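Colleague: As they're listed, the protein sequences go chains A and B. Per this note's numbering, the very first residue in the first sequence carries number 7; after that it's consecutive. Per this note's numbering, the very first residue in the second sequence carries number 29; after that it's consecutive.
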Amino acid sequence: MGEKMPIGDKGDGASFRVLIIDDSVFVVKQLTQILQSEKFDVIDTANDGEQGVEKYKELHPNIDLVTLDITMPKLDGISTLERIMEFDKDAKVIIISALGKEDLVKKALITGARNYIVKPLDREKVLSRIESVLKK
Amino acid sequence: MRVEYINPFVESSVSVMREILGIEVKREQISLKSKAVPILDVAVIVGLVGQVEGRVLFDMKMETALKIVSKMNEEELTQFDELAKATITELGNMITGRAVTKLSEMGYRFDVTPPAIFSGHNMEISDVEIEALIVPIETSYGRVEINVALREK
């Protein structure tokens with residue numbers, strides 16, 4: 007057996023394409039590093055919800071996954087998620103949340119988010135949650 | 029002010045800094061301040077609204093802040109730029125999140141504002157209506173002070 011295939015590899019040599027919506031440059035940097043280390047293609051980032059919805063619409067259908075910060079200025083995570091789900095009911099969105107926002111996370115899961123990750127971002131946790139969303 | 033409000037913040041600061049930064053962290057003696065207190069070069073402030081109200085402030089010297097954000101980014105940051113600010117904000121989020129979870133387990137319900145950052149020299153903070161409790165935390169990167177002014181509504 008050879009090496010284990012990177013999680014970001016679709017199996018045909020192409021990578022899963024990810025849009026990161028987050029207002030923190032630190033979190034964007036962390037997520038990008040984790041994702042790129044497993045051969046994901048971070049195709050774009052947006053630092054607020056409005057921009058995130060616009061970019062999703064532009065990229066669709068050439069996008070596989072969105073990571074979405076639950077607390078953001080302008081358009082918050084829940085409203086952003088609602089707009090993305092309205093546009094594409096099959097969108098695969100993973101919520102990124104700080105501890106202590108359980109109510110918002112529940113709301114996001116009801117709204118259509120596939121899974122969630124609680125910060126601080128742990129590499130293994132991030133990758134396993136994303137993998138489980140992509141496999142379904 | 030009741031000491032039970034400050035403990036979750038002190039405990040989560042100690043545990044988050046130990047875990048995230050992997051450095052020696054030691055809690056020092058608590059002190060009570062009723063007048064204006066000086067704050068160090070970089071301060072992260074979080075507001076609480078609800079059954080418990082007031083604010084929590086974490087402050088430190090610039091040198092300490094830069095060491096912390098450099099460690100968190102795994103690269104040396106020499107300027108307190110956008111990335112450094114976002115990183116310190118994230119540290120504030122982690123500490124507050126853990127403390128808030130503890131406080132809600134104790135039965136207190138409230139909302140937290142996103143952290144705001146102040147940086148500068150010779151700053152001071154005055155809490156006219158609520159006395160402030162200060163717990164210094166000594167770390168191998170320098171001192172971080174946790175300054176809490178909260179009251180039950």
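Think of the CB as a built atom: it goes at the ideal place given N, C-alpha and C, for glycine as much as any other residue. Please read these numbers as outputs of a predicted model, since none were measured by experiment.
Below 8 Å on C-beta distance, what does A:Ser30 contact in chain B?
Modeller: By Cβ distance, chain B contributes Ala114, Thr117 and Glu118.
Colleague: What does B:Thr106 reach in chain A if we use C-beta pairs closer than 8 Å?
Modeller: Ordered by position in chain A, no residue passes the 8 Å Cβ test against B:Thr106, which lies about 16 Å from the chain.
Colleague: Nearest CA to the CA of A:Pro67: which residue from A:Asp54, A:Gly55 and A:Asp94?
Modeller: With distances taken between Cα atoms, A:Pro67 lies closest to A:Asp94.
Colleague: Using the beta-carbon of each residue, which ones in chain B are nearer than 7 Å to A:Thr86?
Modeller: Result: empty, since nearest Cβ-Cβ is about 16 Å, beyond 7 Å.
Colleague: Looking at the structure shown, is B:Val70 part of a helix, part of a strand, or coil, going by DSSP?
Modeller: DSSP places B:Val70 in strand when its eight states are reduced to three.
Colleague: Output, in chain order, the set of chain A residues within a Cβ distance shorter than 7 Å of B:Glu110.
Modeller: Near B:Glu110 (Cβ distances below 7 Å), the residues of chain A are Val31.
Colleague: Helix or strand or just coil, what does DSSP make of A:Glu44?
Modeller: Residue state, collapsed to three classes: coil.
Colleague: According to DSSP, is B:Thr117 helix, strand or coil?
Modeller: The answer is helix: DSSP assigns B:Thr117 an H, G or I state.
Colleague: Considering only C-alpha positions, which residue in the set B:Ile153, B:Ala160 and B:Val97 is nearest to B:Asp109?
Modeller: Closest option to B:Asp109, Cα to Cα, is B:Val97.
Colleague: Let me know the beta strand (DSSP E) ranges lying completely inside the segment 91 to 163 of chain B, each 3 residues or longer, listed in chain order.
Modeller: DSSP runs (the beta strand (DSSP E)) wholly in the segment 91 to 163 of chain B: 138 to 140, 144 to 147 and 151 to 153.
Colleague: What residue range is occupied by the uninterrupted beta strand (DSSP E) comprising A:Ser103?
Modeller: Where A:Ser103 is concerned, the enclosing beta strand (DSSP E) stretches over Val99 to Ser103.
Colleague: Which residues of chain A have a Cβ atom closer than 7 Å to the Cβ of B:Pro142, listed in chain order?
Modeller: The answer, in chain order, is Thr77.
Colleague: 7 Å is my cut-off, CB to CB: does A:Pro126 come that close to chain B?
Modeller: It does; some Cβ of chain B falls within 7 Å.
Colleague: Let me confirm a value: A:Val2 is counted as buried when at least 16 other C-beta atoms fall within 10 Å, else exposed. Which label applies?
Modeller: The structure shown does not extend to residue 2 of chain A, since chain A is modelled only from 7 to 142, so the question has no answer here.
Colleague: Is there a Cβ of chain A sitting closer than 7 Å to that of B:Thr129, yes or no?
Modeller: Closer than 7 Å: yes.
Colleague: Could you tell me if B:Thr115 is buried or exposed, where buried requires 16 or more neighbouring beta carbons within 10 angstroms of its beta carbon?
Modeller: So B:Thr115 ends up on the buried side.
Colleague: Report the residue from A:Glu108, A:Asp29 and A:Lys107 whose alpha carbon sits nearest the alpha carbon of A:Thr73.
Modeller: A:Thr73 has its Cα closest to that of A:Asp29, out of A:Glu108, A:Asp29 and A:Lys107.
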